[in-house]
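Here is the structure we will look at.
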Amino acid sequence: MRPVEETPTKPVDYAALSAGYGTLLGAIVLGARQQPDGRWDEFRGEIPALGLATFALSKLIAKEKVETWVREPFVEETGHGRQPKGTRLRYAVGELLTCTRCVGAWSSLGLVALRVTRPREAQVVTAVLAASALNDFLQTGFNWACAKADRAQSA
(Lines of atoms letter the chains of each structure in order from A; the text may use other names.)
(Lines give C-alpha, C1' and ligand atoms only; values in the text may rest on other atoms or scores of the structure.)
Protein backbone atom coordinates (compact mmCIF):
# COMPACT_ATOMS: atom_id res chain seq x y z
CA MET A 11 0.00 0.00 0.00
CA ARG A 12 1.31 3.39 -0.99
CA PRO A 13 1.91 6.14 1.60
CA VAL A 14 -0.82 8.79 1.87
CA GLU A 15 1.50 11.37 0.30
CA GLU A 16 1.61 9.28 -2.90
CA THR A 17 -2.17 8.99 -3.26
CA PRO A 18 -4.87 11.53 -4.19
CA THR A 19 -6.13 11.49 -0.60
CA LYS A 20 -5.58 13.32 2.65
CA PRO A 21 -5.28 11.85 6.14
CA VAL A 22 -8.74 13.21 6.96
CA ASP A 23 -10.23 10.85 4.34
CA TYR A 24 -8.89 7.83 6.20
CA ALA A 25 -9.95 9.43 9.48
CA ALA A 26 -13.52 9.56 8.14
CA LEU A 27 -13.42 5.83 7.40
CA SER A 28 -11.94 5.12 10.84
CA ALA A 29 -14.57 7.30 12.51
CA GLY A 30 -17.33 5.48 10.66
CA TYR A 31 -15.93 2.11 11.67
CA GLY A 32 -15.49 3.19 15.29
CA THR A 33 -19.00 4.62 15.44
CA LEU A 34 -20.51 1.40 14.09
CA LEU A 35 -18.40 -0.68 16.47
CA GLY A 36 -19.53 1.47 19.39
CA ALA A 37 -23.17 1.05 18.35
CA ILE A 38 -22.72 -2.72 18.25
CA VAL A 39 -21.15 -2.71 21.71
CA LEU A 40 -24.09 -0.69 23.04
CA GLY A 41 -26.49 -3.11 21.37
CA ALA A 42 -24.66 -6.06 22.89
CA ARG A 43 -25.08 -4.53 26.35
CA GLN A 44 -28.83 -4.91 25.89
CA GLN A 45 -28.48 -8.69 25.49
CA PRO A 46 -28.74 -11.16 28.38
CA ASP A 47 -25.33 -12.06 29.84
CA GLY A 48 -25.56 -15.76 28.98
CA ARG A 49 -25.63 -15.08 25.26
CA TRP A 50 -21.91 -14.28 25.18
CA ASP A 51 -21.06 -17.88 26.12
CA GLU A 52 -22.98 -19.28 23.13
CA PHE A 53 -21.63 -16.52 20.87
CA ARG A 54 -18.00 -17.43 21.63
CA GLY A 55 -18.54 -20.84 20.05
CA GLU A 56 -19.66 -19.17 16.81
CA ILE A 57 -16.45 -17.22 16.29
CA PRO A 58 -14.78 -19.83 14.00
CA ALA A 59 -17.87 -19.90 11.77
CA LEU A 60 -17.95 -16.09 11.80
CA GLY A 61 -14.29 -16.09 10.75
CA LEU A 62 -15.05 -18.35 7.81
CA ALA A 63 -18.10 -16.27 6.92
CA THR A 64 -16.01 -13.09 7.05
CA PHE A 65 -13.46 -14.69 4.71
CA ALA A 66 -16.15 -15.66 2.21
CA LEU A 67 -17.95 -12.31 2.34
CA SER A 68 -14.78 -10.23 2.01
CA LYS A 69 -13.57 -12.34 -0.93
CA LEU A 70 -16.97 -12.00 -2.57
CA ILE A 71 -17.03 -8.20 -2.21
CA ALA A 72 -13.38 -7.52 -3.07
CA LYS A 73 -12.75 -10.05 -5.83
CA GLU A 74 -15.77 -11.71 -7.41
CA LYS A 75 -17.28 -10.56 -10.70
CA VAL A 76 -20.82 -10.76 -9.33
CA GLU A 77 -20.07 -7.89 -6.93
CA THR A 78 -18.50 -5.59 -9.54
CA TRP A 79 -21.50 -3.28 -9.12
CA VAL A 80 -20.50 -2.66 -5.48
CA ARG A 81 -16.93 -1.74 -6.42
CA GLU A 82 -17.69 0.13 -9.67
CA PRO A 83 -18.14 3.65 -8.22
CA PHE A 84 -14.77 3.37 -6.45
CA VAL A 85 -12.62 0.91 -8.39
CA GLU A 86 -11.36 0.77 -11.98
CA GLU A 87 -11.38 -2.86 -13.15
CA THR A 88 -8.87 -3.54 -15.94
CA GLY A 89 -7.23 -6.58 -17.45
CA HIS A 90 -4.25 -5.84 -15.20
CA GLY A 91 -6.15 -5.77 -11.93
CA ARG A 92 -8.12 -3.31 -9.87
CA GLN A 93 -7.14 0.26 -9.04
CA PRO A 94 -8.92 2.80 -6.83
CA LYS A 95 -10.36 5.68 -8.82
CA GLY A 96 -11.22 9.26 -8.05
CA THR A 97 -9.75 11.39 -5.30
CA ARG A 98 -10.03 11.86 -1.58
CA LEU A 99 -12.67 9.73 0.18
CA ARG A 100 -13.73 8.02 -3.05
CA TYR A 101 -10.14 6.88 -3.62
CA ALA A 102 -9.78 5.74 0.01
CA VAL A 103 -12.96 3.65 -0.28
CA GLY A 104 -11.57 2.21 -3.53
CA GLU A 105 -8.41 1.20 -1.69
CA LEU A 106 -10.52 -0.47 0.98
CA LEU A 107 -12.58 -2.36 -1.62
CA THR A 108 -9.49 -3.77 -3.33
CA CYS A 109 -8.10 -5.20 -0.08
CA THR A 110 -9.69 -8.43 1.17
CA ARG A 111 -8.29 -7.93 4.67
CA CYS A 112 -9.72 -4.40 4.79
CA VAL A 113 -13.11 -5.53 3.51
CA GLY A 114 -12.85 -8.37 6.03
CA ALA A 115 -12.69 -5.95 8.95
CA TRP A 116 -15.89 -4.26 7.78
CA SER A 117 -17.52 -7.60 6.89
CA SER A 118 -16.87 -8.96 10.37
CA LEU A 119 -18.38 -5.79 11.81
CA GLY A 120 -21.54 -6.36 9.77
CA LEU A 121 -21.77 -10.06 10.60
CA VAL A 122 -21.31 -9.46 14.33
CA ALA A 123 -23.85 -6.63 14.21
CA LEU A 124 -26.31 -9.02 12.59
CA ARG A 125 -25.51 -11.61 15.27
CA VAL A 126 -26.13 -9.10 18.05
CA THR A 127 -29.36 -7.70 16.61
CA ARG A 128 -30.89 -10.69 14.78
CA PRO A 129 -29.30 -13.92 16.11
CA ARG A 130 -31.52 -16.37 14.21
CA GLU A 131 -31.01 -14.66 10.86
CA ALA A 132 -27.30 -14.33 11.59
CA GLN A 133 -27.02 -18.09 12.04
CA VAL A 134 -28.43 -18.64 8.55
CA VAL A 135 -26.20 -16.01 6.93
CA THR A 136 -23.13 -17.26 8.81
CA ALA A 137 -23.83 -20.89 7.89
CA VAL A 138 -24.18 -20.07 4.18
CA LEU A 139 -21.02 -17.95 4.09
CA ALA A 140 -19.00 -20.39 6.24
CA ALA A 141 -20.02 -23.28 3.97
CA SER A 142 -18.94 -21.17 0.98
CA ALA A 143 -15.54 -20.53 2.58
CA LEU A 144 -15.06 -24.23 3.33
CA ASN A 145 -15.98 -24.98 -0.27
CA ASP A 146 -13.29 -22.53 -1.43
CA PHE A 147 -10.67 -24.28 0.70
CA LEU A 148 -11.79 -27.75 -0.40
CA GLN A 149 -11.82 -26.75 -4.08
CA THR A 150 -8.32 -25.29 -3.74
CA GLY A 151 -7.08 -28.47 -2.07
CA PHE A 152 -8.78 -30.68 -4.65
CA ASN A 153 -7.30 -28.68 -7.55
CA TRP A 154 -3.86 -28.84 -5.95
CA ALA A 155 -4.14 -32.63 -5.48
CA CYS A 156 -5.32 -33.12 -9.08
CA ALA A 157 -2.48 -30.98 -10.45
CA LYS A 158 0.04 -32.89 -8.35
CA ALA A 159 -1.37 -36.23 -9.57
CA ASP A 160 -1.26 -35.02 -13.18
CA ARG A 161 2.39 -33.97 -12.80
CA ALA A 162 3.29 -37.32 -11.23
CA GLN A 163 1.48 -39.21 -13.98
CA SER A 164 3.18 -37.30 -16.79
CA ALA A 165 6.66 -37.69 -15.23
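Counting in the numbering used here, the sequence shown runs without a single skipped number right up to 165 at its last residue. Where is the CB? At the ideal position from N, CA and C, for every residue including glycine.
With contacts defined by Cβ atoms closer than 9 Å, GLU56 and THR127 do not form a contacting pair. Around the beta carbon of VAL113, 16 or more other beta carbons sit within 10 angstroms, so the residue counts as buried. A direct Cα-to-Cα measurement between GLN149 and ALA157 gives close to 12 Å. The three-state reading of DSSP puts ARG12 in coil, since its state is none of H, G, I, E or B.
For GLY41, the secondary structure class from DSSP, reduced to helix, strand or coil, is helix. In this structure, DSSP gives GLY91 an extended state, which the three-state scheme calls strand. GLU131 carries a helical assignment under DSSP once its states are collapsed to helix, strand and coil. Under the criterion of beta carbons closer than 8 Å, LEU139 and LEU62 qualify as touching, at roughly 7 Å.
DSSP links VAL85 through a beta bridge to PRO94.
Non-local C-beta neighbours of GLN45 in its own chain, meaning closer than 8 Å and more than five positions away in sequence, comprise VAL126, ordered along the chain. The beta-carbon separation of LEU121 and LEU60, rounded to 6 Å, stays under the 8 Å limit for a contact.
Burial is judged here by how many other beta carbons sit within 10 angstroms of a residue's own beta carbon; PHE152 has fewer than 16 and is exposed. When the alpha-carbon of ALA132 is set against those of ASN145, SER117, LEU144, ASP146, the nearest one is in SER117.
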